[in-house]
Structure formats: structure tokens, C-alpha cells
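Numbering (our numbering), first residue to last: 42 to 333. Below is one structure, written out as C-alpha cells, with a few remarks after it.
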Amino acid sequence: MLAIAAVIGAGFFLICSDACLRIASAELPLGQVVAGRSIVGCALLGFAAWTQSALRWHPAILTPAMGLRVLGEVGAALLFIAAILRMPFANAAAILQFIPLVTTVVAAWLFAERVGWQRWLAGAVGLVGVLLVLQPGTSGFTWWSLLAVAAMLCMSLRDLATTRIDRSVPTLLVGTASAAGVAVGGFALLPLAPWPWPSGHAALLVVASGVFVAGGFYCMVQAMRLGEISAVAPFRYGTMLWALLIGILLWGETPNLLAVFGILVVVAAGLAMLAHERRLMRARLGAARKSS
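Structural data, given as C-alpha cells:
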């Protein structure tokens, strides 16, 4: 139960972090809010890593896998915040739910991992759901939604690269390095728009966003440590509920029926794939026990 609560809490914290930046962006430019959040998040994650003796040099930090992870994190942060400034909050969050399906398909292509027809079917169904959310060719479509798609692809790159990072690298160290990379990415946008001195309200929102993102990362790590991944993974889709609620309560954004149906299709496809993975895992464990 603690693992499930941690996953649900992680989704809530991460959605709240994005919501804070969306509000702060009414006063501050994109690069400034992203850099500010990342500095706060980096400080908190770095402190947590230091308390666990994980804040130390590791050769894997300079590997291509770590570089790709940081690059994916930077692209995801900048593109997703840019997307939610210009499209419904829940719709953008829904597109991100396609990440597990994308990583499965890409892993099969890049790493020659075996992918059965069930995974391919889940990926195809999930893609249909994403198209229903995007609604190309209709009045509900906005080209800005492609930023959310690009953010989703960056997050998929991040997750795939993470699987190739040496397992001896502490998780908190990976999180700290990634947050530092995103901060650098935010500063890279400084020439595009001047950074004004923030008001107390905007500064508080940016700091709160950093606290939320660090809390979300910590909760997700705890969830993976406290429970089986196959048991807690379905609850990651609870993020959609938080996104819908916050979008309605803060901005009065209610997705149209086609978008709601698309959200349900994406979530259903993801849950179906998770159920299939769980059956495969049980079958492997059963075969291993018999052979022993």
C-alpha cells in the first residue's frame, strides 16, 4: 500500500509542479521558470544524495547514456512547459501517457528486444488514442500540441537511456545530474528573452515547483523500492486524474468528448500492456522454479 501511495503522490507532485510553472509563466519567460525550478530541484535532490553518501563522482556520469538521459530531460522540460502554455493542461498530460508504449517499440528496434503481437497491438491502439486527443484536421487541433508530442519523445529517449546507465550509479545522483542539466538548458534560452526580477508571487511559484518536482522524483524512487514494479506501475496513470482536476479547477479546461475518449484509449492500452508484461513475468518465474 505504501508503494501505491508513493506512486499516486509522485503523480500529484509532478502535475502540481507543472501547474505552478504554467501560472508563473504569465509573468516570467520559459527559460527562467525552467531554470529556477531545476535549481531548486537540483539543490534538494543533491542534499538528499549527500545524506545518503550518493553525492560523489562516478565515471558513468560522462558516458553517452547519461548524456542522452540529460538531453532527453532538458528537451522534455522545455517542450512540455511550452506546450501547456498553449494547449489544455489535461490534453498535454494525456499525450505523455503514450511514453511506455513508445519505449517498448523503440527498445525492440534499437536493442533487438523481443516484442510480441500484444505489445504491437497495444502500441497501435495507444497511437489511435493520441490522435483522438490531438484531433488533427478538426477545429480542436492546435499545432502547439506537437510540442507535447516532441516532449513525449524526449521523455522516451530519457527512459531508454536510463536503462543503459550503469546500475551502480545512485538513483539520486542521476536525478541531481539531470536537474543540473535542465537548469543549464533553461539558461541557454536567456538570449531569447530578458529575465525580469520576479515578483514574490512568481518566485514562490517557481520555488514550489522545484519542491514538487523533487518530491515527485523521491516518491517515485520510494515506490520502486517498496513494491513490485508490475504492481505499482498501473497507478502511474493516476496522473491523468490529477491533470484533469487541476485543469478544471484552475483554468476551467474541460476536454471535449473526443479527447476524453482518446485519453481513456491511451490509458487502456497502457494498462493492457502492463497486464501482458505481468503475465509474462509470472510465466518466467514459474518456468525458473520448475527448472530449479
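For glycine and all other residues, C-beta sits at the position ideal for the given N, C-alpha and C.
Residue ranges of each alpha helix (DSSP H) within the stretch 157–198, 4 or longer: Fully enclosed alpha helix (DSSP H) runs of 4 or longer: 158–175.
| said: Excluding the 5 residues flanking phenylalanine 334 on each side, which residues of the same chain have their C-beta closer than 7 angstroms to its C-beta? | reply: Since the first residue shown for the chain is 42 and the last is 333, residue 334 is missing from the structure and cannot be characterised.
Cα-Cα separation, threonine 183 to proline 129:
Cα to Cα, threonine 183 sits roughly 10 angstroms from proline 129.
If I follow the unbroken alpha helix (DSSP H) through glutamate 114, where does it start and stop? From DSSP, the alpha helix (DSSP H) with glutamate 114 extends over 105–125.
Going by DSSP, what residue range makes up the alpha helix (DSSP H) through alanine 135? Where alanine 135 is concerned, the enclosing alpha helix (DSSP H) stretches over 130–137.
Which same chain residues, not among the five before or five after valine 166, have their C-beta less than 7 angstroms away from its C-beta? Its chain contains Val306, Ala310 as the residues whose beta carbon lies nearer than 7 angstroms to that of valine 166, once the 5 sequence neighbours on both sides are disregarded; these appear in chain order.
For glycine 293, count neighbouring C-beta atoms within 10 Å of its own C-beta (all shown protein chains included) and say buried if the count is 16 or more, exposed if not.
Exposed is the label assigned to glycine 293, since fewer than 16 other Cβ atoms lie within 10 Å of its Cβ.
Applying the 10 Å Cβ sphere with the 16-neighbour rule, what's the burial state of leucine 298?
Flag for leucine 298 reads exposed.
Exercise for the section: Determine the DSSP secondary structure at tryptophan 98, reduced to helix, strand or coil. Expected result: When DSSP states are grouped into helix, strand and coil, tryptophan 98 belongs to the coil group.
Next on the checklist: Less than 8 angstroms between C-beta atoms, sequence neighbours within five positions excluded: which residues of the same chain meet that for leucine 140?
Outcome noted: Note on identity: in this sequence residue 140 is isoleucine, with leucine being the wrong assignment. Around isoleucine 140: Met193, Met196, Ser197, Asp200.
Where leucine 230 sits in the DSSP three-state scheme: Here leucine 230 sits in coil by DSSP.
N- and C-terminal bounds of the alpha helix (DSSP H) containing arginine 208
From DSSP, arginine 208 is part of no alpha helix (DSSP H); its letter is neither H nor E.
Q. By DSSP, does tryptophan 238 sit in helix, in strand, or in coil?
A. In the displayed model, tryptophan 238 falls within coil according to three-state DSSP, outside both helix and strand.
### Message
Taking the straight line between their C-alpha atoms, what separation do you get for leucine 290 and proline 296?
### Response
Proline 296 has its alpha-carbon roughly 13 angstroms from the corresponding atom of leucine 290.
Using alpha carbons as the reference points, say which of Ala148, Leu172, Leu173 lies closest to tryptophan 161. Check the Cα spacing between tryptophan 161 and each of Ala148, Leu172, Leu173: the tightest is with Ala148.
Are cysteine 83 and alanine 220 touching if we call contact CB-CB under 7 angstroms? Yes. Within cutoff.
Might you give, ordered along the chain, the residues of its own chain that have their beta carbon closer than 8 angstroms to the beta carbon of alanine 56, omitting 5 neighbours on each side?
-> In the sequence on display, residue 56 carries isoleucine and not alanine. These residues qualify, in order along the chain: Ala134, Thr280, Trp283, Ala284, Ile287.
Buried or exposed (CB count within 10 angstroms, at least 16 for buried), threonine 145: By the neighbour-count criterion, in which a residue is buried when 16 or more other Cβ atoms sit within 10 angstroms of its Cβ, threonine 145 is buried.
**Q.** Cβ pair count under 8 angstroms reaching 3, the stretch 64–80 against the stretch 238–253
**A.** They touch, by the three-pair rule.
Worksheet entry | Unbroken alpha helix (DSSP H) run spanning serine 58, endpoints | In the DSSP assignment, serine 58 falls within the alpha helix (DSSP H) that extends over 43–65.
Quick check for students: name the residue ranges of the alpha helix (DSSP H) that lie wholly in the stretch 252–332, counting only runs of 4 or more. If you keep only unbroken alpha helix (DSSP H) runs of at least 4 residues inside the stretch 252–332, you get 270–273, 279–292, 298–332.
**Message:** Considering only their Cβ atoms, is the gap separating leucine 69 from alanine 255 smaller than 7 angstroms?
**Reply:** No, they are not a contact pair.
- Query: Got a sec, what are the start and stop residues for the alpha helix (DSSP H) leucine 69 sits in?
  - Reply: Counted as a single uninterrupted DSSP element, the stretch harbouring leucine 69 is not any alpha helix (DSSP H), since DSSP gives it neither H nor E.
Point to revise | Residues near leucine 137 in its chain [Cβ-Cβ closer than 6 angstroms; skip 5 each side] | key: Leaving aside the five residues that flank leucine 137 on each side, the residues in its chain whose CB is nearer than 6 angstroms to its CB run, in chain order, Met193.
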